[in-house]
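**Student:** Following UniProt numbering, the numbering of the sequence shown begins with 1 at its first residue and continues without gaps.
Where is the CB? At the ideal position from N, CA and C, for every residue including glycine.
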Amino acid sequence: MEVAEVRSSNPPPAAHGGGVYTLPAARLSIEDILFCVDVGPETMAEMKVNVPNGRPYTRLDSIKQAIMLFVHSKLSINPDHRFAFCALTKSTHWLRKEFNSEVDAALSALRGLTVDSSSSQADLTQLFRVANHEAKKSRAQNRIFRVILIYCRSSMPPQYQLPSALKLFTLDVMYLHDKPGPDNCPQLVYDTLVDALERISEFEGYIFESGQGLTRALFRNMCQLLCHPQQRCIQEELDLPKSLVKKSHAADSSQGDDNVVVSSHSVGLSTKKMLRYLSEFVVYDVSSFYGIHDDAYGYENAVYFTDINGNESQSLGSINSHTGSKGLNQDCAIIYEGYGVEDGAFCAVFDGHGKNGHIVSKIVRNRLPSLLLSQRNSIAKISPSTHNSKLGSDQLGQDKNFLRWKDACVSAFKAVDREIKFLNTLDCSCSGTTASVVIKQGEDLIVANLGDSRAVLGTRTESGIIAVQLTTDLKPGVPSEAERIRKCNGRVLALKEEPHIQRVWLPYDDSPGLAMSRAFGDFVLKNNGIICIPDVTYHRLTPDDTFLVLASDGVWDVLSNEQVMSIVAAAHSEEGAAQAVVDAALASWKLKFPNSKRDDCTVICLFLHNK
């Protein structure tokens, strides 16, 4: 919102009493705002709230209310702001071309919004041309021109051609979409909208999205668009990681919008190019998910995604993250059920390090799942002959599938690392994160690992549960890792006070002393052998494979694989297994290293069958 500066004026004559304050004239340009509302058939999707007469509330109903909320609020800030309205079908057509400040005129224009039942690809070219033309008129009157596009299509991305002159107006986008499916591609649509915004917008343009059907989320995001373009922070500052938003068992969508507290911003990200909120899924605070009420213990960095139509009672996973004695918890973890296929899952633990390690681990947690799946789907579209040329005719189908997943993992890890590198507001020269990722696709496990977090499989035998380690701890002490680092002029040395820990150092400087050989971030060492290419392996599940455990090194430093397997096998329930391992690790830290600072401890347990 515009903020008028308040200054003390010169004191008036004594007869008038004490000094007074005056508001100087506004220094910000008055706004001309063009609303463009998508009226394709997807605007008839029902929202999760009913109107008083019981009729389902549609997206279009909510959009009209949100726009009127915006208009009233904006005019209360400055009554000279002006508005015009157009609708988007295949192209753009005016609803009210004249810009004015009358609320009744806005109401009249919105009444003219009706759904166009014909489904086609939207073309934004005309909208951008009109906006450029009108922006020139506004500039001649010392006004600033804005376009607020409310877009609702998920089946195909919009087309557009750039106008002849760029950066004449500010573009904001509100994207309301359906969940992904065979006929929907909301991620591709979102990417297209982001690209358009970044190319065209004069000032910082905002883009908000929601796939949850919540009117409250729409209103909240519309309120953020009240801010004047000349007074905006960059969007990444709005999207810094926040505490997870809760969805309790009592929060039923049939009770109305106010009873469902779910936010697409609950996981927070760092740049528009990484605003992959996965809002087609419900984000649960794990303490609410399992009915645990001690919010201060164990769940601050744990995220559990599940398909919005999934049955919570069928969950076979548990997750727990506990802050060490060093202060800020730099670990993150995620379980993403229904990943790729109905019985699929994405499990990952990220252990951040360095000054900004806690931010890097969250960025990777939030970005990697969707990007990796997108890469896998893109590779799958390549003609079979492309892969056959690599594999040979005697290779099995599962080998082909693994190669595709391996290519996707390498590509996605590199892409995320590159995105982190180019974040201008985040210094990751000496900050980064590990990543231990397990992707379950039916009976196939694809394991991708960076650094020293670890994944272990619990397998049942006649003598009990045995541990099968799925990852290698990628540390500088591993001979092949040390060889690569030294070939790149990096140094691998241990400090005198901790001779058992090999660290990576710059060629001519005793820094930074990284205790792992692969990581996201840590760009100061990327030319000296530290890589972000994961070690990718494959495991075919058998009926004897019982559960999977991923944990950060804060657990493995004090508990053996066998100890962890025994703890999980003895747990009373799937829900309590991860916490049981963390509790045991905390106790072991106190026993083994009573005078040392305890590391963060994060655990994921994924049961492959009902316990």
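I'd like to check one pair, residue 175 with residue 209: are the Cβ atoms closer than 8 Å?
**Tutor:** Result yes, Cβ atoms of residue 209 and residue 175 sit closer than 8 Å.
**Student:** Leaving aside the five residues before and after residue 332 along the sequence, list all residues of the same chain whose C-beta is less than 6 Å from its C-beta, in chain order.
**Tutor:** Excluding residues within five positions, the ones whose Cβ falls inside 6 Å are 301, 350, 361, 362 and 365.
**Student:** Quick one: what's residue 174 bridged to in DSSP?
**Tutor:** 150 and 208, per the DSSP bridge assignment.
**Student:** Is residue 577 helix, strand or coil when you go by DSSP?
**Tutor:** In the structure shown, residue 577 sits in a helix (DSSP, three-state: H, G or I).
**Student:** How many angstroms separate the CA atom of residue 608 from the CA atom of residue 416?
**Tutor:** Approximately 29 Å between the Cα atoms of the pair.
**Student:** Quick check on residue 134: buried or exposed, where buried means 16 or more other Cβ atoms within 10 Å of its Cβ?
**Tutor:** The residue in question, residue 134, is buried, as its Cβ has 16 or more Cβ neighbours within 10 Å.
**Student:** Is it buried or exposed for residue 508, if we count other Cβ within 10 angstroms and need 16 for buried?
**Tutor:** When all chains shown are included, residue 508 counts as exposed.
**Student:** Spatial neighbours of residue 71 within its chain, please: C-beta separation below 8 Å, excluding the five flanking residues on both sides.
**Tutor:** 83, 103 and 106, listed in sequence order.
**Student:** In angstroms, rounded to a whole number, what distance separates the CA positions of residue 570 and residue 187?
**Tutor:** For residue 570 and residue 187, the distance between alpha carbons rounds to 42 Å.
**Student:** Which class does residue 632 belong to by DSSP, given the choice of helix, strand or coil?
**Tutor:** With the chain covering only 1 through 611, there is no way to say anything about residue 632.
**Student:** Which of the three DSSP states is assigned to residue 321 in this structure?
**Tutor:** The answer is strand: DSSP assigns residue 321 an E or B state.
**Student:** Give me the Cβ distance between residue 528 and residue 506, rounded to the nearest whole Å; I'm assuming they're in contact under 8 Å.
**Tutor:** At roughly 6 Å, the Cβ-Cβ gap stays under 8 Å, so residue 528 and residue 506 are in contact.
**Student:** Leaving aside the five residues before and after residue 309 along the sequence, list all residues of the same chain whose C-beta is less than 7 Å from its C-beta, in chain order.
**Tutor:** Only weak support is given to the placement of residue 309: the predicted model assigns it a pLDDT of 44, under 50, and the question is left unresolved by the model.
**Student:** Expressed to the nearest angstrom, what Euclidean distance is found between the alpha-carbon atoms of residue 591 and residue 177?
**Tutor:** Approximately 52 Å between the Cα atoms of the pair.
**Student:** Can you find a CB in chain D that lies within less than 8 Å of the CB of residue 459?
**Tutor:** The question asks about chain D, but that chain is absent: this structure has only one protein chain.
**Student:** Work out the CA separation of residue 76 and residue 379 for me, nearest whole Å.
**Tutor:** Approximately 52 Å, taken between the alpha carbons.
**Student:** Can you have a look at residue 572 and say buried or exposed, based on whether 16 or more other CB atoms are within 10 angstroms of its CB?
**Tutor:** Classification for residue 572: exposed.
**Student:** Rounded to whole angstroms, what's the CA-CA distance from residue 28 to residue 213? Just pull it up for me.
**Tutor:** Cα to Cα, residue 28 sits roughly 35 Å from residue 213.
**Student:** Using the rule of at least 16 other Cβ atoms within 10 Å of the residue's Cβ for burial, across every protein chain shown, is residue 80 buried or exposed?
**Tutor:** It is exposed - the Cβ of residue 80 has fewer than 16 other Cβ atoms within 10 Å.
**Student:** I'd like to confirm the pairing. Which residues does DSSP put opposite residue 440 in its beta bridges?
**Tutor:** DSSP, once it has assigned bridges, lists 345 and 445 as partnering residue 440.
**Student:** Compare the beta carbon distance of residue 561 and residue 435 with 8 Å and say whether it is the shorter of the two.
**Tutor:** Going by C-beta atoms, residue 561 is not nearer than 8 Å to residue 435.
**Student:** Return the chain-ordered list of same chain residues with a C-beta closer than 6 Å to the C-beta of residue 290, the five sequence neighbours on each side being excluded.
**Tutor:** Low confidence applies to residue 290: its pLDDT is 29, below 50, so where it sits in the model is not reliable, and the reading given next is rough at best. Result list for residue 290: 575, in chain order.
**Student:** Just how far apart, CA to CA, sit residue 146 and residue 374?
**Tutor:** Each residue's Cα considered, the two are about 33 Å apart.
**Student:** Please state whether the Cβ-Cβ distance between residue 568 and residue 601 is less than 8 Å.
**Tutor:** No, the pair does not count as a contact, with Cβ atoms beyond the cut-off.
**Student:** Over the uninterrupted alpha helix (DSSP H) stretch that includes residue 357, give me the two end residues.
**Tutor:** Taken as a continuous stretch (DSSP letters only), the alpha helix (DSSP H) holding residue 357 covers 357 to 380.
**Student:** Expressed to the nearest angstrom, what Euclidean distance is found between the alpha-carbon atoms of residue 357 and residue 409?
**Tutor:** Approximately 21 Å between the Cα atoms of the pair.
**Student:** Can you give the beta carbon distance from residue 40 to residue 122, rounded, assuming they're within the 8 Å contact cut?
**Tutor:** About 7 Å; that satisfies the 8 Å criterion.
**Student:** For residue 192, which residues in the same chain have their Cβ closer than 7 Å to its Cβ, ignoring the five residues on either side in sequence?
**Tutor:** Only 157 and 158 meet the Cβ criterion.
**Student:** Between the C-alpha atoms of residue 223 and residue 66, what's the straight-line distance to the nearest angstrom?
**Tutor:** Cα to Cα, the separation comes out at about 9 Å.
**Student:** Output the distance between the C-alpha atoms of residue 453 and residue 340, rounded to the nearest integer angstrom.
**Tutor:** Those two C-alpha atoms are separated by around 24 Å.
**Student:** Would you mind working out which of 353, 69, 343 and 336 sits nearest residue 328, comparing C-alpha positions?
**Tutor:** Among 353, 69, 343 and 336, the Cα nearest to that of residue 328 is on 353.
**Student:** Nearest by alpha-carbon distance to residue 43: which of 32, 62 and 35 is it?
**Tutor:** Minimum Cα distance to residue 43 is reached at 62.
**Student:** Quick check: what's the CA-CA separation for residue 437 versus residue 431?
**Tutor:** Their backbone Cα atoms lie some 20 Å apart in a straight line.
**Student:** Who are residue 605's beta bridge partners in DSSP?
**Tutor:** Partner(s): 318 and 549.
**Student:** Among the candidates 420, 593, 458 and 206, whose CA atom is the shortest distance from the CA of residue 549?
**Tutor:** Taking only the C-alpha atoms, the option nearest residue 549 is 458.
**Student:** Mind checking residue 367: buried by the 16 CB within 10 Å criterion, or exposed?
**Tutor:** Buried, since its Cβ has 16 or more Cβ neighbours within 10 Å.
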